[in-house]
Amino acid sequence: MHGVKYTKNEIKKIKTLYNNGESTRSIAKSLGRYHSGVIWHLNNLNIKRRKKSEAAKLGVVKGRIKIFKHSLPKSSKKMSLEKSYILGTLCGDGFLSNKKRAYQICLSVTSKEFFNEFRRCLHEVYGIRTTNEIRISKIKNWNNQYCTRLCSKNACQNLAQYGNFKTKTWNVPYHIKNSSLNIQASFVKGFSDSEGCVDENSRRISLTSINFKGLNEIGGLLRNFGIRYTILGRILLKGNRHDKYDLRIQDRRSIETFYKWINFTINYKKIKLKKIIKNYDVYTTPHREVIKLTPLMVKLRRNGLGCEKIAKRLNIGVVTVWSHLKKGGKL
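Numbers 0 to 330, taken from numbering that gives the first Met the number 0, label the letters of the sequence shown in order.
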């Protein structure tokens with residue numbers, strides 16, 4: 000009915016229906032008119048139009064808008080490898096919004112393997128399909144982004160109960176700290192996929208964050224596997240950036256333990272890690288760690304233990320024990 004003049008009865012009906020809570024689109028549909036024409040007549044009648052929030056509430060009341068509530072499976076309340084991985088990712092690249100009308104769990108990354116694993120875990124835990132898209136980069140030499148999003152109030156509230164996941168203040172949830180080693184490994188894997196890198200030249204795994212306290216708690220989990228590490232600060236001179244901290248794993252035994260228990264989902268990181276292990280010739284222990292162990296070496300020597308037994312008990316090389324005891328004149 001484009002171009003057909005509105006009758007007085009139609010104009011009156013527009014005013015009545017709108018004041019009774021009908022939307023401009025539902026009015027246009029009932030009159031068989033264009034939406035733009037209904038809006039024009041409301042403006043012409045000096046009728047103040049409703050805000051989006053008010054219109055949405057009326058839409059729910061009138062039944063125009065239906066709210067679907069996802070009922071979560073009972074298993075989603077329990078801690079699992081998949082949920083642990085999700086929580087670890089949320090401490091890194093993942094994003095959780097628990098605000099009204101913006102409940103969503105998101106991840107946007109360049110790694111397809113990481114993207115697929117995160118959405119698999121979300122579906123495994125909550126049984127809800129995620130939205131998925133590829134954002135094609137318009138900038139030369141920039142990788143495309145794989146984006147996934149799960150929108151569910153119940154799922155967001157379920158994850159929010161485990162703590163805070165903000166970049167500066169996240170921490171390792173209590174439930175993770177008190178779970179099995181497999182659960183802890185899955186949590187660290189989610190964080191490592193987000194914030195980890197492998198340096199072949201230095202034979203080193205690094206996990207990076209601006210949150211020292213949270214990174215130190217990740218270190219606490221690594222200790223449960225017997226993995227040695229150091230945390231170093233990186234001061235950035237630019238005023239618009241935060242200082243960062245690197246958790247570094249560098250000795251052979253620790254890297255092999257990381258590979259066995261934790262590892263990465265992302266293929267190129269897995270390949271680099273495997274190359275480091277393959278190219279190792281001897282086992283070494285970081286000098287800082289050896290210095291810390293020296294008083295214990297001396298104590299065990301005084302108790303009558305030989306270098307081999309001391310080395311076995313402290314999980315370090317026999318030559319390392321012999322040289323440090325000789326330096327201290329304890330042989």
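C-beta atoms are modelled at their ideal positions from N, C-alpha and C, and glycine is treated no differently.
- Counted as a single uninterrupted DSSP element, the alpha helix (DSSP H) harbouring residue 116 occupies residues 111 to 125.
- Counting along the chain, the unbroken alpha helix (DSSP H) around residue 155 starts and ends at 152 to 159.
- Within the same chain, 81 come within 6 angstroms of residue 123 by CB-CB distance, once the 5 residues on both sides are set aside.
- With a contact defined as Cβ atoms closer than 8 angstroms, residue 119 and residue 131 miss out at about 12 angstroms.
- Annotated as proximal: residue 295 and residue 313, with beta-carbon spacing under 8 angstroms.
- In this structure, the CA atom of residue 254 is about 35 angstroms from the CA atom of residue 126.
- Within a 10 Å sphere around the beta-carbon of residue 52 sit fewer than 16 other beta-carbons, which makes this residue exposed.
- Inter-residue distance for residue 74 and residue 157 is about 12 angstroms (C-alpha atoms, whole angstroms).
- Residue 153 and residue 71 have their C-alpha atoms some 7 angstroms from each other.
- Nearest Cα to residue 6 within the set 32, 19, 20: 32.
- When rounded, the separation of the alpha-carbon atoms in residue 138 and residue 108 is 16 angstroms.
- Residue range 51 to 61 is occupied by the alpha helix (DSSP H) that includes residue 61.
- Around residue 272, the same chain offers 197, 258 as residues with beta carbons nearer than 6 angstroms, after the five sequence neighbours per side are excluded.
- In the three-state reduction of the DSSP assignment, residue 243 falls in the strand class.
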